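Just so you know, the sequence shown maps onto residues -23 to -1, 1 to 931 in mature numbering (1 follows the signal peptide of the UniProt record, and there is no 0).
Only one structure is covered here, and it is reproduced in the block below.
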Amino acid sequence: MRYNHSESFLMFIFFVSLSMKMAIPQNSTTIPVNVGVILNLDVGFDKMVLSCINMSISDFYSVHGDQYKTRLVLTTRNSKQDVVGAAAAGLDLIKNVEVKSILGPPTSMQASFVIDMGAKAQVPIISFTASSPSLSSLRMKAISAIVKAFRWREVVPVYVDNEFGGGIIPFSTDALQAVDVRVPYRSVVSPTATEDELELYKLRTMQTRVFILHMSPPLGSRLFIKADKVGMMGPGYVWIITDGLADFWSFMNSSVVDSMQGVLGVKPYVPKTKELKSFRNRFKRKFMQDNPDIVDADLNVYGLWAYDAITALAMAVEKAGTTNLGFQKPNVSSNSTDLENFGVSLSGLNLLQALSDTNFKGLSGNFSFVNGQLKPSPYEVINVNGDAARGIGFWTAENGLIRKLYTPINSTTSTYSTSNSSLAPIIWPGEATFIPKGWEIPTNGKRLRIGVPVKSDFPEFVRVRKDPTTKSFIVEGYSIDVFEAVVKLLPYALPFDYFPFGLPDGRSAGTYNDLVYQVYLANYDAVVGDTTIRLNRSNYVDFTLPYTESGVSMIVPVKDNKNKNAWIFLKPLTWDLWFVWLCFFVFIGFVVWVLEHRINEEFRGPLFFQVGTSFWFSFSTMVFAHRERLVSNLARFVIVIWCFVVLILTQSYTASLASLLTVQNLQPTVTDVKELIRNGAYVGYQEGSFVLGLLKNLGFDESKLVVYNTVEEWDALFTKGSGNGGIAAAFDEVPYIKLFLAKYCSKYTTVKPTFKTDGFGFVFPKGSPLVSDVSRAILGVTEGETMKKIEEKWFGKEANCPDPSTSLSSNSLGIESFWGLFLIAGVASVLALLVFLAMFIHEQWDVIMPAESRSLRQRSIKLCSNFYNRDLSAHTMRRNEVNDSEFQNEPVVGEPSPSAYTVQTEFPGEQDGVSSENGDRNSNDHQPLQETSSNIEVAIQNHERPRVIEIMQD
């Protein structure tokens, strides 16, 4: 039911009209309510609807007769299958009979005029056949879901040329576009078309094999019989029918059913209930009694909707009440027409509201209205198989395609499904069990017209020549071989012929853009050649995946550099890496000195001697030439890690320097595009290439651009040079550069940047189903050995040539490559220093602790002195003293020269060299030297530490 306040009281209940005039027995307690019916009484299908209405009124009042005061009284008029007849019937019912509602008329065109009259008279109109926009939209969404489920890319609608057929087109277009399906053609069939006017022969010559059929049962039956005769019901074809045919399945004869094998269809779903089964049996008996001339009869959804619609109207009339059942007469002049001279129903608004609120469970399912229209039911997907239409699934607006209806679905995980696995197995036309591709090469013998470029430059890619004997064209080249290899991988035969895009004199007929545009104009079915995939071209055609490498690069000559730079040895490393390495040499030397100078005589001596020794030791690790002996485990730990770091750095330096010295001979003459523009150098590009536009966008002066056509001309321009009529650099696509370097790889190289493009691809019309299949076949060729053989055939082997896509620039090694090593060495050194510091503080704790006899300054001086001086308690120092040659070869006790040694000892009452009385650290100078020497000798012999603080050579 549909209601528009500004226009009419209108109710649509889908697609079947009622046909009857029935008198309801009345008594004094019932109030009759006139209801009009406008039908095509000459149409046999209306007899089925008549029986449904009879049974509905009889069943309803037999149950509710005692409860209801109102009785529907139906007045039927014949529309005579004519718009004027329907208008006249509607006018008569409103003006003369003063009906409170009208059922019908049967078609949208007939209903249009009656709707306007009903709006003026405030009489609700209930129609079963007039097209409803919402139903058309839902119907096409169900069909588009099927199309998407099987991944068909093109469909052809076939529909009758009237309001019934044309009304579905806007909705079909929207639904198909929503799933990215193209409609290359629409077949419009006249309602009175003969077999020759059905356009089946034309459809048979097209590539598309998926057809959506929307027409009346008589015309649809004739079309399927003809389609079977011309071979369009065999394997590979797909036919999808709307409910205009699917719901009339039981009314078709056996010859039509036999020709429809494998057809898919969608129709409103009617749940199977006990009440429906009982009604079917009663309906068949009654229908056969009332119509003995009909051999067999069956119900469809329209009859059930008619049954439920009468029930809904009877309930609404009772609910609206019996007051104001009359009409308000119009105040018109005497010369007004009949169309102006009818009244307005006083009960129309109440009846319309009552209908809108009606909600019950009928034979067709849950019966209720939403926005003036019957709430849509799910659609059932059927497959014609044998003599029955087998249900294979359902479609709902909420869940899409589903196998079973009313299956509990988790609301948190449910999604809209468009998967063909949601449908039961399908028997396709021709009893095929495989899913049709949806398109085929035309069966009328037409071969694909393949356009190829005519060009004199780079014939390795495409070359067109004429056979002197047969005068036919011979097309060959790299691109041609790749295309033919791709065609061999297709799962079907693809007949084609090459057509050169050239003039009679052998010249090209235009640019590549002109050639691509020929496909858009349908002069060619495809283009094969070295055609670059470009955005402006893709607006008119579709490209396959690229079959070559992509990009535009700059190619320049290489210079002969003999490495005369005196500072070449510094280039392997960046300046920041040199600086960090130098800093770590100094740092490691300092760490080793700290860890060794108190216990290792090799790191002792005057201050400058110690500094030199430490730095010498650190730097000598670079060539592993250090000779100083390490005695501290902490120092050994640090040096082991540092030697590993130095090893990595020196090896990397050696490799980088060797690479730099050898690669330097192949350095490009130009490395920057801006340098070319700044110097006003001449650059080259291939004639007819889009690279010209790229160079202009980069800022090159068009007067500095030079055209070449062949690799030989390209090389000659480089040989001349920019100042002598040649070029300093050239820009071209990577496939052409690979061909050029295959011949001249020792003289030229590519440099960055590389400008992005999409490579070469094959051209097909927009939406062509061939694009996806050919693209998959291209992957099969490029990923196998076939592509390598084709490249070797046309470009030659490139084993001795560098890869043109790589840059020859030799970058210096930077700190970013080695910061991890320096981090490890730094952490190890810091940890060693922390351990040493902790041990030293522990040993000197007595010095650090505050004492009344020593000030902070005295303690600091003492601590620094102990840090700088030898650690005589260390086992290395004791071993040195015992093994010292002066103690081993000369007497210890004697009378050495007073100038030879100064011996400092501790006296009683003195602690750590600080006098308790006079504070004179040198008070021991009065001690006899002989006694001190004797004490040292005795201590050495007993392996005891003597009370000697320090022996310093004077």
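A virtual CB, placed ideally from N, CA and C, is assigned to each residue, including glycine.
Since we're looking at a predicted model, the values are computed, not measured.
Bridge partner(s) assigned by DSSP for residue i
| i | result |
| --- | --- |
| residue 695 | Partner(s): none; residue 695 has no beta bridge. |
| residue 474 | 426 |
| residue 990 | An answer regarding residue 990 cannot be provided, because it is not within the stretch -23 to 931 covered by the chain. |
| residue 305 | 321 |
| residue 191 | 136 |
| residue 205 | BP columns for residue 205 are empty, so no partner. |
| residue 531 | 708 and 728 |
| residue 575 | BP columns for residue 575 are empty, so no partner. |
| residue 378 | 372 |
| residue 959 | Since the first residue shown for the chain is -23 and the last is 931, residue 959 is missing from the structure and cannot be characterised. |
| residue 241 | 217 and 360 |
| residue 342 | 339 |
| residue 416 | 185 |
Same chain, Cβ closer than 7 Å to residue i, neighbours up to 5 away in sequence not counted
| i | result |
| --- | --- |
| residue 783 | Low local confidence applies: a pLDDT of 46 at residue 783 is under 50, so the model's placement there is unreliable, with the coordinate-based value given in what follows. For residue 783, where only same-chain residues beyond five positions count, there are no Cβ hits under 7 Å. |
| residue 137 | 166, 168, 192, 193 and 196 |
| residue 325 | -15, 99, 100 and 101 |
| residue 675 | 650 |
| residue 627 | 599 |
| residue 932 | Residue 932 cannot be examined here, being either before or after the span of the chain that is shown, -23 to 931. |
| residue 518 | 493, 496, 497, 740, 741, 742 and 743 |
| residue 574 | 580, 581 and 587 |
Distance CB(residue i)-CB(residue j) smaller than 8 Å
| i | j | result |
| --- | --- | --- |
| residue 356 | residue 119 | yes |
| residue 131 | residue 415 | yes |
| residue 611 | residue 572 | yes |
| residue 76 | residue 68 | no |
| residue 455 | residue 217 | no |
| residue 709 | residue 532 | yes |
| residue 433 | residue 686 | yes |
| residue 332 | residue 358 | no |
| residue 732 | residue 529 | yes |
| residue 186 | residue 213 | yes |
| residue 304 | residue 290 | no |
| residue 479 | residue 470 | no |
| residue 452 | residue 739 | no |
| residue 728 | residue 648 | yes |
| residue 198 | residue 247 | no |
| residue 63 | residue 90 | yes |
Supposed close pair residue i, residue j - CB separation, criterion 8 Å
| i | j | result |
| --- | --- | --- |
| residue 155 | residue 395 | Not confirmed; about 11 Å, so no contact. |
| residue 523 | residue 737 | 6 Å |
| residue 55 | residue 16 | 7 Å |
| residue 682 | residue 694 | No, residue 682 and residue 694 are not in contact; Cβ-Cβ is about 12 Å, not under 8 Å. |
| residue 53 | residue 11 | That belief does not hold up - the Cβ atoms of residue 53 and residue 11 are roughly 12 Å apart, past 8 Å. |
| residue 293 | residue 335 | 5 Å |
| residue 707 | residue 653 | Contact flag wrong, Cβ pair sits at about 11 Å. |
Contacting residues, own chain, Cβ-Cβ under 6 Å from residue i (five flanking each side not counted)
| i | result |
| --- | --- |
| residue 295 | 45 and 47 |
| residue 472 | 424 |
| residue 438 | 454, 455, 456 and 507 |
| residue 477 | 429, 431, 441 and 450 |
| residue 771 | 437 and 455 |
| residue 242 | 218, 223 and 359 |
| residue 684 | 664 |
| residue 502 | 425 and 426 |
| residue 354 | 245, 246 and 342 |
Any chain C beta carbon closer than 8 Å to residue i
| i | result |
| --- | --- |
| residue 645 | This model lacks chain C altogether; it includes just one protein chain. |
Cutoff 8 Å; reference residue i; Cβ partners in own chain excluding five residues on either side
| i | result |
| --- | --- |
| residue 596 | 562 and 566 |
| residue 200 | 135, 166, 175, 177, 190 and 192 |
| residue 897 | Bear in mind that the predicted position of residue 897 carries a pLDDT of just 41, short of 50, making it too unreliable to give a figure here. |
| residue 933 | Nothing in the structure corresponds to residue 933, since the chain is present only between -23 and 931. |
- Item | Sufficient close CB pairs (3 or more, under 8 Å) joining the stretch 491 to 507 to the stretch 727 to 746 | Three or more Cβ pairs closer than 8 Å define a contact, and the stretch 491 to 507 meets that threshold against the stretch 727 to 746.
Please determine if the stretch 838 to 846 and the stretch 653 to 662 are in contact, where contact requires at least 3 C-beta pairs separated by less than 8 Å.
The stretch 838 to 846, when compared against the stretch 653 to 662, does not touch it at the 8 Å Cβ threshold.
Exercise. Is it true that the stretch 508 to 523 meets the stretch 747 to 755, where meeting means three or more beta-carbon pairs spaced less than 8 Å apart?
Worked result: Yes: the two stretches touch, three or more of their Cβ pairs being nearer than 8 Å.
- prompt: Below 8 Å, can you find three or more Cβ-Cβ pairs linking the stretch 808 to 826 to the stretch 542 to 550?
  reply: The stretch 808 to 826 is not in contact with the stretch 542 to 550.
Measuring CB atoms only, is the stretch 133 to 148 touching the stretch 76 to 85, in the sense that at least three cross pairs come out at less than 8 Å? Between the stretch 133 to 148 and the stretch 76 to 85, the count of Cβ pairs shorter than 8 Å is three or higher; the stretches touch.
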